[in-house]
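Report on one structure; see the data block that follows.
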Amino acid sequence: MKTTAAGILSVVLLLGGCSGMRIVDSDVSAFASGATPAVSVPASFRFERLPSQQAQGPQRSELEALAEAELAKVGVQRNDAAPQYSVQFDLRIFRDPQAPWDDPRYVGGYVRPFPVLTRYGLVMHHSALSLQFDYPYYRRELNLLLRRLADGQVVFESRAKHDGRWPDDEVVLPAMFQAALQGFPNPPKGWRRIVIEVPR
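Written out as structure tokens, the structure reads:
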């Protein structure tokens, strides 16, 4: 009996420890120029903003602070006075009312009583979802470029995509930047699924 109680307690503690973390999984595709190495670290950089990004003001500065912290972890430090590279990134965030596999649930406000064939497969409405009018789903896309200022050549390019229920950009976006920089400065070729653990 004591052994059973101890086993149950161990499982509870284990589950409690796991609940303190969650994962942000991103699909990443990165490229480096043909030069070896593509980027010599440690290195210095400055941010390059497109005209549309300059108009974003404080919001853009907050995003750059997230990127700056992750770049520093791979040996690329911000130095606006004497940069060797420029860093440009574009971030797109889409908020959908529900996940793709939740939809379609209604036609003109009525429940669909039959399965519907979608690009995600056959979707059938479940009565338990009848009261879920808005359960947001987020799609995020990050494109990152590192350009050598001496000759203007792009030496590193990375794309990261993540989608899920988490609304907190301040937690998800650093994980996406970290995923985009995995393998820097010479990442493996092809798409990869990169999982980053973050606090819950």
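Residue numbering for the sequence shown follows the numbering used here, beginning at 600 and increasing consecutively. Note that beta-carbon positions come from the ideal geometry of N, C-alpha and C, so glycine has one too. Quick caveat: nothing in here was measured; it's all calculated off a predicted structure.
Q | First through last residue of the alpha helix (DSSP H) which encompasses F776 | A | Run containing F776: D768 to A779, per the alpha helix (DSSP H) assignment.
Q. Are the beta-carbon atoms of R739 and V770 separated by less than 8 Å?
A. Going by C-beta atoms, R739 is not nearer than 8 Å to V770.
Q | Alpha-carbon to alpha-carbon, P784 and L690 | A | So the two alpha carbons sit approximately 21 Å from each other.
**Q.** A727 to Y737 span [Cα, whole Å]
**A.** Low per-residue confidence applies at A727: pLDDT is 49, beneath 50, and the placement is therefore not dependable enough to give any value.
Q.
On the CB-based measure, 16 or more other CB atoms within 10 Å of its CB, does P787 come out buried or exposed?
A. Using a 10 angstroms sphere on the CB of P787, the tally of other CB atoms stays under 16, which defines it as exposed.
Q) Which runs of the beta strand (DSSP E) fall wholly inside the segment 616-650 and span at least 3 residues, in chain order? A) Counting only runs of 3+ residues, the beta strand (DSSP E) found wholly inside the segment 616-650 occupies 620-631 and 642-646, in chain order.
Q. Taking 7 Å as the line, does the beta carbon of R694 fall inside it for any heavy atom of the ligand FAD?
A. No copy of the ligand FAD appears in this structure; indeed no ligand is present at all.
**Q.** A671, enclosing alpha helix (DSSP H) - first and last residue
**A.** Annotation for A671: the continuous alpha helix (DSSP H) segment containing it runs P657 to K672.
Q: Could you tell me which of S643, P735, D679 and R799 sits nearest to V673, measuring between CA atoms?
A: When only C-alpha atoms are compared, the closest one is S643.
(Q) Distance check for R791 and Q653, CA to CA, integer angstroms please. (A) Their backbone Cα atoms lie some 32 Å apart in a straight line.
Q.
Give me, in chain order, the residues of the same chain whose beta-carbon lies closer than 6 Å to that of V794; leave out the 5 immediate sequence neighbours on both sides.
A. Closer than 6 Å at the Cβ level, and outside the excluded window around V794, lie I622 and D624.
Q: Give the DSSP-derived three-state secondary structure of Q653 in the structure shown.
A: In the structure shown, Q653 adopts helical secondary structure according to DSSP, grouped into three states.
Q.
If you follow the beta strand (DSSP E) that Y817 is in, where does it begin and where does it stop?
A. Outside the modelled stretch of the chain, which goes from 600 to 799, sits residue 817, for which no answer is possible.
(Q) Using only CA atoms, which one of L748, P735 and A778 lies nearest to P699? (A) Taking each of L748, P735 and A778 in turn and checking the Cα distance to P699, the smallest one comes out for P735.
**Q.** Residues that DSSP places opposite A681 in a beta bridge
**A.** BP columns for A681 are empty, so no partner.
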